[in-house]
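Peer 1:
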Amino acid sequence: MNERPAPGSDPIPTANGEDEAREVGVGPWVGPWPEGEHYDPELLAQGDRRNVVDRYRYWRREAIVADLDTVRHPFHIAVENWSHDFNIGSVVRTANAFNCAGVHIVGRRRWNKRGAMVTDRYQHVHHHPDTAALLEWAHERGIPLVGVDNLPGAVPLESHPLPRSVVLVFGQEGPGLSEEARRDCEAVLSIAQFGSTRSINAGAAAAIAMHAWVRAHVYDQPVDGPILRTEGTGHAEYPTLS
Ligand SMILES: C[S@@+](CC[C@H](N)C(=O)[O-])C[C@H]1O[C@@H](n2cnc3c(N)ncnc32)[C@H](O)[C@@H]1O
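Put into structure tokens, the structure is as follows:
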């Protein structure tokens, strides 16, 4: 039985620029090294402090990506010209957590990845210069686009079935979804709100929509039509269906 050191027993500065402040992970492998192409000799020698789940400890990055690729969920997340790096980072991190097929960043090519907690290295992140390029990418692959925004004419995410293969499109932090994107979306879904704010943080809205996909297609909890019940919950803010 291979001996493994107690987690965090001897802090090691990681060679791959991971967040060293976090006392997570394991030290060097103690005892005969395990067999397998997926193991990273450097990590076995130095320890593994990466932000990865335990089952991927000491694995090479490419091996982790390849393994995730075998079980990725067929939904994509697209963010239109987001200006706040932290929002982009948090969407990438949540997309990694739900193992979606890809994250599509429209506009910005350079963004501070700190908010992503290095999860972008295990996620397929695509950059598109503009919305037209994103729409073309999706059409070429026959993947429908569904917008997520609380715009007039939107239908409730809580009661609108989400396609299994889909690109969920989120609008810019200020103006929201562009006219161009709205035109190409099969539907625009809004997340119910019960307070005074006009909208939810874009990164949070993306997390809610991703979880709705997981509930529908992983936990087989599809929604099949209006189930709006407001008694005792105050009223849900839905834009008037013009
Ligand atoms: C902060 S909102 C700004 C636009 C928003 N329509 C407004 O008028 O305030 C930026 C993005 O977050 C997402 N979002 C925020 N609140 C939402 C809600 N209640 N339902 C669906 N999406 C929402 C949408 O993708 C939206 O484009």
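Residue numbering for the sequence shown follows full-length UniProt numbering, beginning at 1 and increasing consecutively.
All residues carry an ideal CB built from backbone N, CA and C; glycine is no exception.
Among the candidates Y219, E35, P28, P32, whose CA atom is the shortest distance from the CA of E42?
Peer 2: Walking along the sequence shown from the start, residue 42 turns up at place 42. Among Y219, E35, P28, P32, the Cα nearest to that of E42 belongs to P28.
Peer 1: Classify G142 as buried or exposed, calling it buried when 16 or more other Cβ atoms lie within 10 Å of its own Cβ.
Peer 2: Against the sequence shown, residue 142 aligns to sequence position 142. Exposed, because fewer than 16 other Cβ atoms sit within 10 Å of the Cβ of G142.
Peer 1: Would I200 count as contacting chain B if we go by Cβ distances under 8 Å?
Peer 2: Note that chain B does not occur in the displayed structure, where there is just one protein chain.
Peer 1: Report the residue ranges of all alpha helix (DSSP H) runs contained in full by the stretch 145-170; include only those spanning at least 4 residues, in chain order.
Peer 2: Taking only runs of at least 4 residues, no alpha helix (DSSP H) segment lies wholly in the stretch 145-170.
Peer 1: Taking the continuous alpha helix (DSSP H) assigned at L135, which residues delimit it?
Peer 2: By 1-based counting over the sequence shown, the position of residue 135 is 135. Residues 131-140.
Peer 1: Helix, strand or coil, according to DSSP, for P34 in the structure here?
Peer 2: Against the sequence shown, residue 34 aligns to sequence position 34. DSSP places P34 in coil when its eight states are reduced to three.
Peer 1: When the Cα of C100 is compared with those of N81, H126, L177, R108, which residue comes out closest?
Peer 2: Translated into the one-based positions of the sequence shown, residue 100 becomes position 100. That would be H126, whose Cα lies nearest to the Cα of C100.
Peer 1: Could you check how far apart the C-beta atoms of I77 and L134 are, in whole angstroms? I think they sit under 8 Å.
Peer 2: Taking the first residue of the sequence shown as 1, we reach residue 77 at position 77. Taking the first residue of the sequence shown as 1, we reach residue 134 at position 134. Contact doesn't hold; Cβ gap of about 11 Å is too wide.
Peer 1: Assess, as a yes-or-no matter, whether the stretch 190-199 is touched by the stretch 50-62 under the definition of 3 or more beta carbon pairs within less than 8 Å.
Peer 2: Judged by Cβ distances under 8 Å, the stretch 50-62 makes no contact with the stretch 190-199, as fewer than three pairs qualify.
Peer 1: Heavy atom of ligand 1 less than 7 Å from the Cβ of I77, yes or no?
Peer 2: Here the question's residue 77 lines up with position 77 in the sequence shown. It does not: the Cβ of I77 is nowhere closer than 7 Å to a heavy atom of ligand 1.
Peer 1: According to DSSP, is G176 part of a helix, a strand, or is it coil?
Peer 2: Counted from its first residue, the sequence shown places residue 176 at position 176. Here G176 sits in strand by DSSP.
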